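Engineer:
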Amino acid sequence: MSNLDIRYYVIPMIVIFILGIAGTGGIAFPLLNFLMITLVACVSGGLIGALHQLFGFVMHFNTEYKKKRTPKKDLKTQYHEI
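Plus 1066 on top of the position in the sequence shown (first one is 1) and you've got the numbering used here.
1. Determine the DSSP secondary structure at Gly1091, reduced to helix, strand or coil.
2. Are Val1076 and Gly1111 close, meaning C-beta to C-beta below 9 Å?
3. Tell me the rounded alpha-carbon separation between Pro1078 and Ala1107.
4. When you compare only the Cα positions, how much space is there between His1118 and Leu1098?
5. Should Ile1082 go down as buried or exposed, given a rule of 16 or more other Cβ atoms within 10 Å for buried?
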């Protein structure tokens, strides 16, 4: 996993965390609410990042499979001798 792939984990976490904190109103247990928002943000960020990694793996596998399945042309048969 490269540094660029980490953004697919971190950015959704930050966005969901900020929206969760902004969406809280007058609550009875602020610490419990903060921990719940943090848990939801971490799980959703991990899920979105894992889906991105899975999508990249499937696309890479698909292109490699297509490369192996294409027939290779024989260069000797392309040029006809007269």
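The beta carbon of each residue, even a glycine, is placed where N, CA and C say it ideally should be. The structure displayed is predicted, hence computed values, not measured ones.
Structural biologist: With the given structure in hand:
1. For the purposes of this step, residue 1091 is identified with residue 25 of the sequence shown, where counting begins at 1. It is coil, neither helix nor strand.
2. The residue given as residue 1076 occupies position 10 in the sequence shown. The residue given as residue 1111 occupies position 45 in the sequence shown. Taking 9 Å as the Cβ cut-off, Val1076 and Gly1111 qualify as a contacting pair.
3. For the purposes of this step, residue 1078 is taken as the residue at position 12 of the sequence shown. For the purposes of this step, residue 1107 is taken as the residue at position 41 of the sequence shown. It is roughly 7 Å from the alpha-carbon of Pro1078 to the alpha-carbon of Ala1107.
4. Numbered from its first residue, the sequence shown carries residue 1118 at position 52. Numbered from its first residue, the sequence shown carries residue 1098 at position 32. Separation of His1118 and Leu1098 (C-alpha to C-alpha, rounded to the nearest whole angstrom) is 30 Å.
5. Translated into positions along the sequence shown, residue 1082 becomes position 16. With 16 or more other Cβ atoms within 10 Å, it is buried.
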